[in-house]
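Read in order, the letters of the sequence shown are residues 7 to 222 in the working numbering.
The C-beta atom is built at its ideal place from N, Cα and C for all residues, glycine as well.
A quick note: this is a predicted structure, and the numbers were derived from the prediction, not measured.
First the structure, in the form of structure tokens, and then the observations on it.
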Amino acid sequence: METVRVFFAKEGRLKYISHLDVTRCLARVFHRCGLPIWYTQGFNPHAYLTFALPLPLGVESRCESFDFRLTEEVNYEEVRDRLNAVLPEDLRALRAAAPVMEPGAICWADYRLTIRDDDPAAEAALERFLAAEHLTVTKKTKKGEQEIDLKEKMTVQKVERKSGEYVLEVRLPAGGTVNWSPMLVTGAYNALLGREPYWTGYERLAILTKDFQDFC
């Protein structure tokens, strides 16, 4: 029995479906693709899938991954092609490979946040966001609400300014111990702006280890 890791993209309209919906979709995909996969035992057998870092709703990505088990040997290119033959539009397998790292190795994730707003107040809010020594936001957890300072662990990697459009690339803690959503970042910006911008787009760019190596 071999464990296979599939790296996939979730883009376009499918950014609006939940992680649970993706899991259900993949379960149906495995029924249709003809791969010899291992199913759990018991009253309700199902494909055993594990995801490295579930993607927040509304975020696009080309660096997602899930693991499953094959009961027979199939080359990685065929695994990718069989999945893509039955996957819906905007959900694509990019490659398949043997797992190298455990999900517990994940410590960081990079995001691109695109804000489109031609109000001069939007740029002024961005400048205050970047210059602020502290950015306190409320994070909801299973145990309740928690006040956190984004500036303690967030790193702004890149800033682009165009006419009416602002692009931020930020690095946030991720994984099982500390996991920050990019919506916390835009929430802090919205508070400085005093409203939500006209449009905001989210994309996960990379999933990284503590040494800032790509998760693989």
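Residue(s) in a DSSP beta bridge with GLN219: Position 213 of the sequence shown, counted from the first residue, corresponds to residue 219. GLN219 is not bridged to any residue.
Comparing C-alpha positions only, which one of PRO60, GLY200 and ARG210 sits nearest to PRO188? The residue you call residue 188 lines up with position 182 of the sequence shown. The shortest CA-to-CA distance from PRO188 to any of PRO60, GLY200 and ARG210 is the one to ARG210.
Beta-carbon proximity list for GLY181, same chain, < 6 Å, skipping 5 on both sides: The residue labelled residue 181 in the question sits at position 175 within the sequence shown. Correct list, in chain order: ILE112 and CYS113.
Between the C-alpha atoms of LEU61 and LEU214, what's the straight-line distance to the nearest angstrom? Stepping through the sequence shown from its first residue, residue 61 is reached at position 55. Stepping through the sequence shown from its first residue, residue 214 is reached at position 208. Roughly 14 Å separates the two Cα atoms.
Cα-Cα separation, ASP123 to THR46: Residue mapping note: residue 123 aligns to position 117 of the sequence shown, counting from 1. Residue mapping note: residue 46 aligns to position 40 of the sequence shown, counting from 1. Their backbone Cα atoms lie some 49 Å apart in a straight line.
Determine the burial state of PHE225: buried for a count of at least 16 other Cβ atoms within 10 Å of its Cβ, exposed for fewer. The requested residue 225 does not occur in the structure, where the chain is confined to residues 7 to 222.
Rounded to whole angstroms, what is the Cα-Cα separation between VAL165 and HIS140? Sequence index remark: in the sequence shown, residue 165 carries index 159 (1-based). Sequence index remark: in the sequence shown, residue 140 carries index 134 (1-based). Counting only the Cα atoms, HIS140 lies some 18 Å from VAL165.
Rounded to the nearest angstrom, what separates GLU108 and ALA127 at their Cα positions? Stepping through the sequence shown from its first residue, residue 108 is reached at position 102. Stepping through the sequence shown from its first residue, residue 127 is reached at position 121. Distance between the alpha carbons of GLU108 and ALA127: 44 Å.
Tell me whether the beta-carbon of SER67 lies closer than 8 Å to the beta-carbon of LYS16. Your numbering for residue 67 matches position 61 in the sequence shown. Your numbering for residue 16 matches position 10 in the sequence shown. Yes. Within cutoff.
Integer Cβ distance of LEU132 from TYR172, believed to fall under 8 Å: Here residue 132 is taken as the residue at index 126 of the sequence shown, counted from 1. Here residue 172 is taken as the residue at index 166 of the sequence shown, counted from 1. Indeed, because the Cβ distance is near 5 Å, the residues count as touching under 8 Å.
Here's a check: name, in chain order, each residue in its chain whose Cβ is nearer than 6 Å to the Cβ of GLY207, leaving out the five neighbours to either side. Translated into positions along the sequence shown, residue 207 becomes position 201. Correct list, in chain order: THR120.
Which of the three DSSP states is assigned to LEU26 in this structure? Residue numbering aside, residue 26 sits at position 20 when the sequence shown is read from its first letter. Assignment of LEU26 by DSSP, reduced to helix, strand and coil, places it in the helix class.
I'd like to check one pair, ARG86 with ARG101: are the Cβ atoms closer than 8 Å? Taking the first residue of the sequence shown as position 1, residue 101 is located at position 95. Taking the first residue of the sequence shown as position 1, residue 86 is located at position 80. A contact, by the Cβ cut-off of 8 Å.
Which residue marks the beginning of the beta strand (DSSP E) containing THR192, and which one marks its end? In the sequence shown, counting from the first residue as 1, residue 192 sits at position 186. Residue range 188 to 199 is occupied by the alpha helix (DSSP H) that includes THR192, with no beta strand (DSSP E) assigned at that position.
Anyone know if the C-beta pair for GLY18 and ASP96 falls short of 8 Å? By one-based count along the sequence shown, residue 18 stands at place 12. By one-based count along the sequence shown, residue 96 stands at place 90. Taking C-beta atoms as the reference points, GLY18 and ASP96 count as a pair closer than 8 Å.
Between which two residues does the beta strand (DSSP E) containing TYR82 stretch? The residue given as residue 82 occupies position 76 in the sequence shown. Careful: TYR82 lies outside any beta strand (DSSP E), inside the alpha helix (DSSP H) at 82 to 92.
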